[in-house]
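One point on numbering: in numbering that gives the first Met the number 0, the residue at position 12 of the sequence shown is 11, and numbering is uninterrupted.
The structure under discussion appears below in the form of structure tokens.
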Amino acid sequence: MTDPQGARPDPVAGQPFPGWNPPRPPGPPGPKTGWIVAGVLGLVVVLGAGIAIGLSLSGGSSQADPAPVPVPAASSAAPSTSASPAAPPGKYSMSGISDACALLDPKPLAKWSTTPIPPVHREGQPSEGYGGDLSCSLRYTSTSATDGVATNEAGIAVRAEFASADRPPAYEQWNTKPAQGWTSGTIAGLGTRNYWRAGSTTEPGPGASYIVGVEDSNVTVEIQVAVHRAPGEAPLKMDDLSSIAQAQTRAVLDQLKKP
Numbered sequence: 000m001t002d003p004q005g006a007r008p009d010p011v012a013g014q015p016f017p018g019w020n021p022p023r024p025p026g027p028p029g030p031k032t033g034w035i036v037a038g039v040l041g042l043v044v045v046l047g048a049g050i051a052i053g054l055s056l057s058g059g060s061s062q063a064d065p066a067p068v069p070v071p072a073a074s075s076a077a078p079s080t081s082a083s084p085a086a087p088p089g090k091y092s093m094s095g096i097s098d099a100c101a102l103l104d105p106k107p108l109a110k111w112s113t114t115p116i117p118p119v120h121r122e123g124q125p126s127e128g129y130g131g132d133l134s135c136s137l138r139y140t141s142t143s144a145t146d147g148v149a150t151n152e153a154g155i156a157v158r159a160e161f162a163s164a165d166r167p168p169a170y171e172q173w174n175t176k177p178a179q180g181w182t183s184g185t186i187a188g189l190g191t192r193n194y195w196r197a198g199s200t201t202e203p204g205p206g207a208s209y210i211v212g213v214e215d216s217n218v219t220v221e222i223q224v225a226v227h228r229a230p231g232e233a234p235l236k237m238d239d240l241s242s243i244a245q246a247q248t249r250a251v252l253d254q255l256k257k258p
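Next up, the structure:
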């Protein structure tokens, strides 16, 4: 099934990052700026006049959510024997993953850009009923043939959160209503429930973002593919981004699956 070509987002007052709770506001882009890194862990591509399409790897804020810190019980004559609640069981685990970026395959991005920018990743280990989380942002740049300046970029990012004892699934927070100008839908046969969102523009140059989110068993995973090209270059095909994002989502789930 072919997904729609995302419509160009229009500026929305107070909502610089369509589809997301905005991370820390970035400074205004210069004439050659295609990308902005939001906070510590973010993949954001500026589309059009200050319109940003981005994935905040912390669930919408500029910082990744920390694991809950247990609060010591008040002292008493007899020590408590109650155990902390355990994270819900499931068929997925982050055990053995020391670098979330190893979950991603950036090779499909080479059709757009190939020079890597240092990756950013996080691995929040399970603790005291918290299921754990991980995230990674990979970005690549290249020189545009239309203006001889390194304005072309492509990126892919992942975030995953495992079910915890004392909080709802991350899917409930991440599956937000699409912003004005974005298209959305679901994907047959992917996880227990899922969504996709897409947005694109042609001004000042072609740019597009495609996001896939899925919940399955005890994990929620989200993948974003985003591309920015210089003015005068060929328009982007949303089907290309969709194919990469869906394939990467399935691959990440396979790698997180317990033996």
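Beta carbons are placed, not taken as given, at the ideal position from N, Cα and C, and that holds for glycine.
For residue 166, no alpha helix (DSSP H) segment is defined, and its DSSP state is neither H nor E. Contiguous beta strand (DSSP E) elements confined to the region 123-155 occur at 132-141, taking only those with 3 or more residues. When secondary structure is reduced to three states using DSSP, residue 215 falls in the strand class. Where residue 241 is concerned, the enclosing alpha helix (DSSP H) starts and stops at 237-255. Distances from the CA of residue 109 to each of 232, 141 and 234 were compared; the closest alpha carbon is that of 141. Between residue 184 and the set 191, 202 and 210, the nearest pair of CA atoms involves 210. A straight-line Cα-Cα distance of about 35 Å links residue 201 and residue 98. Straight through space, the alpha carbons of residue 198 and residue 181 are spaced by roughly 5 Å.
In the DSSP secondary-structure assignment, residue 221 is bridged to 158 and 212. Remark: C-beta atoms of residue 89 and residue 162 approach each other more closely than 8 Å. Using a C-beta cut-off of 8 Å, the region 217-231 makes no contact with the region 119-127, since fewer than three inter-stretch Cβ pairs fall below that distance.
Between residue 232 and residue 114 the beta-carbon gap is near 17 Å, outside 8 Å, which marks them as no contact.
Of the candidates 101, 122, 139 and 132, 139 places its Cα closest to the Cα of residue 116.
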